[in-house]
Amino acid sequence: MAEHAVIDRYLSELEHEVRWFRDAEEILEEVADHLLEAVAVHTRRGLDRVAAQKRALTEFGDPTLVGRAFASMRSGGIAMPTQFTRRSGVALVASSFLWLAGLAFTYWSDLADRTRPWEGLPLALWMIGAFTLMAAGVLLAVGILGINRRHGGALGGTGRLAFWIAVFTTITAFGAWMWGVWLTALGVGAVVLAIALSRSDIAPKTSGMLVGIGGAFASGAAWIFQLTTPEVNLGSGAVTAWIFAGLAIYSVGLASLGVWLKTEEAVDQTDPIATA
Amino acid sequence: MRGQALKGHLDLLLLAIVADGPKHGYAVIEELRLRSEDAFDLPEGTVYPALHRLEKAGYLSSSWSEVQGRRRRTYTLTKRGSSALGEQRQSWNEFSQAVGRVLKGVPWPNTP
Chain V
8 MAEHAVIDRY LSELEHEVRW FRDAEEILEE VADHLLEAVA VHTRRGLDRV AAQKRALTEF
68 GDPTLVGRAF ASMRSGGIAM PTQFTRRSGV ALVASSFLWL AGLAFTYWSD LADRTRPWEG
128 LPLALWMIGA FTLMAAGVLL AVGILGINRR HGGALGGTGR LAFWIAVFTT ITAFGAWMWG
188 VWLTALGVGA VVLAIALSRS DIAPKTSGML VGIGGAFASG AAWIFQLTTP EVNLGSGAVT
248 AWIFAGLAIY SVGLASLGVW LKTEEAVDQT DPIATA
Chain A
55 MRGQALKGHL DLLLLAIVAD GPKHGYAVIE ELRLRSEDAF DLPEGTVYPA LHRLEKAGYL
115 SSSWSEVQGR RRRTYTLTKR GSSALGEQRQ SWNEFSQAVG RVLKGVPWPN TP
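Quick mapping for you: the protein sequence lines, in order, are chains V and A. Counting in the numbering used here, the first sequence runs from 8 upward without gaps. Counting in the numbering used here, the second sequence runs from 55 upward without gaps.
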């Protein structure tokens, strides 16, 4: 459509706005048909080719406005930042801190008294640690839902698997002392989430990589110590340091994903019809 | 007329236009323009999402054909859409008549 260079440019801009919709190609075909018909009508009425194209585009509306109209007039299955996805971003940021805090509390619990972990301060610290880890798991699950919603469900089956692993991690985190269990779940879930993010190709790539690498590192460190030096308790300082390092990387990834979700402008805060 | 004033009534207008026979998007918008005598100042591009939503809700169906070497989507009113249009028409008539009576300033009935 070289003779319709102005229309082509507009369609490219609109494509950028609707690229995440499953029916993006059909939307563009329909809009192209409309615009070319409008150009033909304006040309018959005496406008030259360029003026006719410009008139057609003016009448059609700004591509950003049109793209948002498509987003806001749909429900479910549509990729768009919403107020929910923004809140899930906050959940992810909170989750990133809580994983580290939960680990710190459980380690502190071990330090407080290893021989009588079910009484007094050790028990209180352990309970705080366990519930902090569980809260982190819940917020992670909410965050994954938010990312998936932002993607219009594009995380697909891999994303759903990551969500359910997060739920499993939350449940197992109640047994905070069983690091091998919840950390394994966390590590596997992190890698699955990273794969889902990589496939969907919408979130910042570095964030997904940090989540996957950090989670795998934390989980892997625990298992390496467990397998190579079984006499060393998983709650020892050396193991905890490695796990903490992995979780720190994981948390940075989660937090950056959360910030990304939080800072996007929600389309359901604007009303394209009202602003028309 | 501002787009805001049209909000909430666009579905009814679109269904009414498609009720007269299958139409593609451009024809729907042209008909909207003609019948309203250019009263609605609405970006044309925002009509398409509304058509898509009506289709998703089952009030319209669409089919693709090839016209002048390009693909064209044509909308048709479904049975459900026809039923919804009837209901909305009746609601609108009742509403507009009530508003009309108020605006006419019907005098307060004299007490006997």
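C-beta: ideal position from N, C-alpha, C; glycine also.
Which value, in whole angstroms, describes the spacing of the CA atoms of residue i and residue j?
i               : j               : result
G140 of chain A : Y257 of chain V : 57 Å
A86 of chain V  : T213 of chain V : Low per-residue confidence applies at A86 of chain V: pLDDT is 47, beneath 50, and the placement is therefore not dependable, though the value from the model is reported in the following sentence. Rounded to the nearest angstrom, the two C-alpha atoms are 21 Å apart.
R26 of chain V  : S116 of chain V : 50 Å
T191 of chain V : K269 of chain V : 28 Å
T235 of chain V : V246 of chain V : 12 Å
S205 of chain V : G215 of chain V : 7 Å
K77 of chain A  : E32 of chain V  : 20 Å
S210 of chain V : V57 of chain V  : For clarity, residue 210 of chain V is Ala in the given sequence; the question names Ser instead. Those two C-alpha atoms are separated by around 38 Å.
E148 of chain A : H63 of chain A  : 14 Å
I14 of chain V  : L86 of chain A  : 23 Å
F67 of chain V  : A76 of chain V  : 12 Å
Q142 of chain A : L66 of chain A  : 7 Å
V224 of chain V : S19 of chain V  : At residue 224 of chain V the sequence reads Phe, which differs from the Val that was named. Distance between the alpha carbons of F224 of chain V and S19 of chain V: 42 Å.
G187 of chain V : I231 of chain V : 11 Å
A281 of chain V : T65 of chain V  : A caution first: A281 of chain V carries a pLDDT of 37, below 50, which makes its placement in the model too unreliable to give a value.
L54 of chain V  : L42 of chain V  : 15 Å
L200 of chain V : N155 of chain V : 10 Å
A169 of chain V : A197 of chain V : 7 Å
V121 of chain A : L114 of chain A : 21 Å
P219 of chain V : V97 of chain V  : Strictly speaking, residue 219 of chain V in this sequence is Gly, with Pro absent from that position. Spanning the two alpha carbons is a distance of roughly 20 Å.
E109 of chain A : G135 of chain A : 9 Å
G79 of chain A  : P70 of chain V  : 17 Å
L128 of chain V : Y114 of chain V : 12 Å
S183 of chain A : R167 of chain V : What the structure shows of chain A is the stretch from 55 to 166, and residue 183 of chain A is not part of that stretch, so it cannot be assessed.
R94 of chain V  : G260 of chain V : 17 Å
D30 of chain V  : V82 of chain A  : 21 Å
A255 of chain V : T92 of chain V  : 24 Å
V156 of chain A : P103 of chain A : 35 Å
V48 of chain V  : L68 of chain A  : 22 Å
T179 of chain V : L130 of chain V : 18 Å
V195 of chain V : S243 of chain V : 23 Å
L217 of chain V : S90 of chain A  : 57 Å
L21 of chain V  : E10 of chain V  : 19 Å
E84 of chain A  : A173 of chain V : 52 Å
E24 of chain V  : A93 of chain A  : 29 Å
T50 of chain V  : R16 of chain V  : 19 Å
G227 of chain V : F28 of chain V  : 38 Å
W267 of chain V : G159 of chain A : 56 Å
When DSSP builds the beta bridges, which residues end up paired with residue i?
i               : result
V121 of chain A : A:R124
H78 of chain A  : A:T128
L114 of chain A : A:L131
For residue i, go through chain C and note every residue whose CB falls closer than 8 Å to its CB, in chain order.
i              : result
G68 of chain V : Although the question refers to chain C, the structure presented lacks it and instead comprises the protein chains V and A.
- 3-residue-minimum beta strand (DSSP E) runs that sit fully inside the stretch 117 to 199 of chain V, ordered along the chain: none
Which of the residues in the stretch 36 to 48 of chain V, read from start to end, lie with their CB under 8 Å from any CB of chain A?
E36, E37, V38, A39, D40, H41, L43, E44, A45
Check distances from the C-beta atoms of the stretch 118 to 138 of chain A to those of chain V and list, in chain order, the residues that come in under 7 Å. R124, R125, R126, R127
Exercise. Should the stretch 135 to 151 of chain V be called in touch with the stretch 100 to 111 of chain V, which here means at least 3 C-beta pairs below 8 Å?
Worked result: yes
Worksheet item: Would you call the stretch 112 to 128 of chain A and the stretch 34 to 48 of chain V in contact, with 3 or more CB pairs under 8 Å?
Response: yes
*Contact set between the stretch 76 to 88 of chain A and chain V, restricted to residues whose Cβ is under 8 Å from the partner*: H78, G79, Y80, I83
Stretch-stretch touch, CB-based, cutoff 8 Å, three pairs: the stretch 90 to 106 of chain V with the stretch 143 to 153 of chain V: yes
Check your understanding: Are the stretch 61 to 76 of chain A and the stretch 131 to 147 of chain A in contact at 8 Å, needing three or more beta carbon pairs?
Key -> yes
**Prompt:** What runs of the beta strand (DSSP E), each 3 residues or longer, lie entirely inside the stretch 245 to 269 of chain V?
**Reply:** none
(Q) Suppose only complete runs of 4+ residues qualify. What are the alpha helix (DSSP H) ranges in the stretch 22 to 66 of chain V, listed by chain order? (A) 31 to 51
Exercise. Closer than 8 Å, Cβ to any Cβ of chain V: which residues of the stretch 88 to 107 of chain A, in chain order?
Worked result: D95, L96, P97, E98, G99, T100, Y102, P103, A104, H106, R107
Compile a chain-ordered list of the residues in the stretch 12 to 36 of chain V whose CB is closer than 9 Å to at least one CB of chain A. L21, D30, E33, I34, E36
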